[in-house]
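**Student:**
Residue numbers (full-length UniProt numbering): 1 to 751.
#1: Per the contact definition of three or more C-beta pairs closer than 8 Å, is the segment 548-567 in contact with the segment 598-618?
#2: Assuming residue 717 is part of the alpha helix (DSSP H), what are its boundary residues?
#3: Going by the beta-carbon positions, is the gap between residue 408 and residue 319 smaller than 8 Å?
#4: Report all residues from its chain with a CB closer than 6 Å to the CB of residue 322; omit the five preceding and five following residues, and keep chain order.
#5: What whole-angstrom Cβ distance do residue 125 and residue 336 have, given they're in contact under 8 Å?
#6: What residue does the alpha helix (DSSP H) around residue 597 start on, and which one ends it?
#7: Hey, could you find the ends of the beta strand (DSSP E) residue 84 is sitting in?
#8: Can the beta-carbon of residue 107 be found closer than 8 Å to that of residue 187?
#9: Among 354, 355 and 371, which residue has its Cα nearest to the Cα of residue 361?
#10: List, from N- to C-terminal side, the beta strand (DSSP E) runs of 3 residues or more that fit wholly inside the segment 408-442.
#11: Classify residue 231 as buried or exposed, calling it buried when 16 or more other Cβ atoms lie within 10 Å of its own Cβ.
#12: Could you give the C-beta distance for residue 206 and residue 177, rounded to a whole number, given that I count them as a contact under 8 Å?
#13: Tell me whether the beta-carbon of residue 289 lies closer than 8 Å to the beta-carbon of residue 218.
#14: Which partner residues does residue 151 have in the DSSP bridge list?
#15: Sorted by chain position, which residues of the same chain lie with C-beta nearer than 6 Å to residue 506's C-beta, five sequence neighbours on each side aside?
#16: Buried or exposed for residue 412, please, with buried defined as at least 16 other CB atoms from any protein chain shown within 10 angstroms of its CB.
#17: Less than 8 Å separating the beta-carbons of residue 286 and residue 216?
#18: Per DSSP, which residues does residue 477 bridge with? Please list them.
#19: Checking the sheet assignment: what are the DSSP bridge partners for residue 658?
#20: May I ask you to report which of helix, strand or coil DSSP gives residue 221?
#21: Considering Cα atoms alone, identify which of 490, 656 and 618 is closest to residue 757.
#22: Under 8 Å by Cβ, that's how I've got residue 151 and residue 214 pegged, so tell me the actual separation to the nearest angstrom.
#23: Looking at residue 88 and residue 50, is the spacing between their C-beta atoms short of 8 Å?
#24: Quick one: what's got a C-beta closer than 6 Å to residue 552's C-beta in the same chain, skipping five residues either side?
#25: For residue 286, which three-state DSSP category applies?
#26: Based on DSSP bridge pairs, tell me the residues matched to residue 55.
#27: What is the DSSP secondary structure of residue 753, reduced to helix, strand or coil?
#28: Alpha carbon to alpha carbon, what distance is there between residue 632 and residue 659?
#29: Taking all protein chains shown into account, do 16 or more other C-beta atoms lie within 10 angstroms of the C-beta of residue 37, making it buried, or fewer, making it exposed?
#30: Per DSSP, residue 780 is paired with what?
#31: Just the C-alpha distance for residue 200 and residue 418, rounded to the nearest angstrom, thanks.
#32: Decide if residue 304 is buried, meaning its Cβ has at least 16 other Cβ atoms within 10 Å, or exposed.
#33: Please determine, among 645, 581, 562 and 561, the residue with the shortest C-alpha to C-alpha distance to residue 601.
#34: Given this structure, state the Cα-to-Cα distance separating residue 29 from residue 44, to the nearest angstrom.
#35: Write down the C-beta distance between residue 154 and residue 255 rounded to the nearest angstrom, noting that I regard them as a contact closer than 8 Å.
#36: So the alpha helix (DSSP H) residue 229 belongs to, where does it begin and stop?
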């Protein structure tokens, strides 16, 4: 394999005698200078480089308007069209693309119009759009087609009124409107302007309840329903005309629609039939579908919604926004200006790159302008007939996990033409492809001899640097069907005896065992065959020291090892690790062990309990060891099982001990001090209760006081309001009599 680092030119040698004794085969891969210094012949060094090959290179079209008419597929604006690259890690491959705007290039334009009631006056001006637009666009191209579609809103509440009367005529008063609908493909793309005028003239305004419209549903269907719309592989323009905002993904929840838009065509009889089933598409989803189908969008919207659609334009590549007059009278000029703006800019985009592959762009635009980085993808202010070029570097930063041919596509946004680039990765030396099968270099032809960082690729059942090690273990099987008689390891088809006393092809011979045979040798064979014991009946083993008699393994219930083990050489080997003892009858960690020994531990350690009077007689079956605290109790070890116990006596005091069986000895370790619960501390309890009552009382008083203040303020405010609103009667009380009496002196002359 070649090194994946981009900065190091790593190569390999195919010289067979290159490696020294004990040197790994990876030493064949190194830097060029290192291999030369080590004496590797130049002819034996393989150092592959990347390369490229052009597979399709049709020249860009040079034609003038009025010349012989060409089919869209015969017009070429980007060159070359297909290449093949061989990429070596860290070595960039540079390709040059040429783009030229063809004159008289065909155009398909689809006019998508909002037919809600607020667009009533706009519809009147659009009815004559077909012939007028055909005439204007003939100045740009001789191959122009136009189509028409309309939209309103999803046909569910709360977007429209679902009462029977409103479903027939959603408009108010004496206005005659058509039933609401989501999207309708009125006219497939056609070159007949009169047909456009005729069909559009028959359209009627509809209505809905909310201000945003369901235009995104319509855009999605126009983008993905190519057969219904009639798109060709030419410049595709969609004019979106409205005087309102738009609903997008998530708004469908208002109508109980939660299923995401699936981005598929759902037109039946030219009507969108799944508006009640699928939510509105998201902006990102629309961007994806518009880009996939090479559709350039022109938003013709009123002045009020310019800011909204300008933000939308920034999210949708190759789109433009134009200001629509109140009655759409300027729509033709808007379309022409938007088309010129869109077609004067070319932006390259590429498909998803394979693992470890990077791409960079450099553009050489009109008037010698050179752009790099993200701006290297585009050129602006391109007129018809102008030619620009792009230098593209494609680099493999390493070898992918799965080395296989890949492909990427580069295309100018809004155009149907694309460049296909096939990628092949150089991750091995060329000589790997020409290995010598069954080579004598691989031990009697047990592998394929290859160059590079490995010498021999071994066949099945062989391994080793020279394929000289067999993985077949059948040659190591002894007569007892055991590998190496259980006394060794099978390595490369030969037994390596791990017991030094034994040897032989299957570790069956013991040449140094003169006295190893016990008294259980066969009477008829006083000698040993190759010093191997011939055992009497009921005995086995290399020294005839293993009895086959199972009587010593019988438990009191007449079962072998109590059914919890295997009798081996007259001794029980317990298969359940919880049990031990001569016949696997003891379980020091089983549930109930603590309860079983509680009374005996209690009487021997503390002189209490039910067995304190019979303690010496009944409880002398274990060794008792006292410890100071619980930390001193023994911990479980692998050598023998141990059970930790915690028991309570009649005085509610706890005592702690462990029970274990060490070989045949039963041991109990007990903490010498009882752990008795202390009585409750009355003072803190009483103080806490009193404090709690006081705090709760204060909290209740504060809450009551706060409620009273709020109530008083409300009453006072109410009084003040009534006082200000009162109209007092200023008339005199008829029963009122003044307490003052005035008497005039008749003699008084006023002097």
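Where is the CB? At the ideal position from N, CA and C, for every residue including glycine. No experiment lies behind these values; they were computed from the predicted model shown.
**Tutor:** Let me lay it out:
#1: no
#2: 682-725
#3: no
#4: 300, 334 and 338
#5: Not quite, the Cβ-Cβ distance comes to about 16 Å (not below 8 Å), so this is no contact.
#6: 593-606
#7: 82-88
#8: no
#9: 371
#10: 419-426
#11: buried
#12: 5 Å
#13: no
#14: 114 and 183
#15: 478, 484, 485 and 495
#16: buried
#17: yes
#18: 483
#19: 644 and 669
#20: helix
#21: Lying before the first or after the last residue shown, residue 757 is absent from the chain, which here runs from 1 to 751.
#22: 6 Å
#23: yes
#24: 570
#25: helix
#26: For residue 55, which the question treats as bridged, DSSP gives no partner whatsoever.
#27: Beyond the ends of the chain as shown, which are 1 and 751, falls residue 753; an answer cannot be given.
#28: 14 Å
#29: exposed
#30: Examination of residue 780 is not possible in this model, given that the chain is present from 1 through 751 alone.
#31: 35 Å
#32: exposed
#33: 645
#34: 12 Å
#35: 6 Å
#36: 226-229
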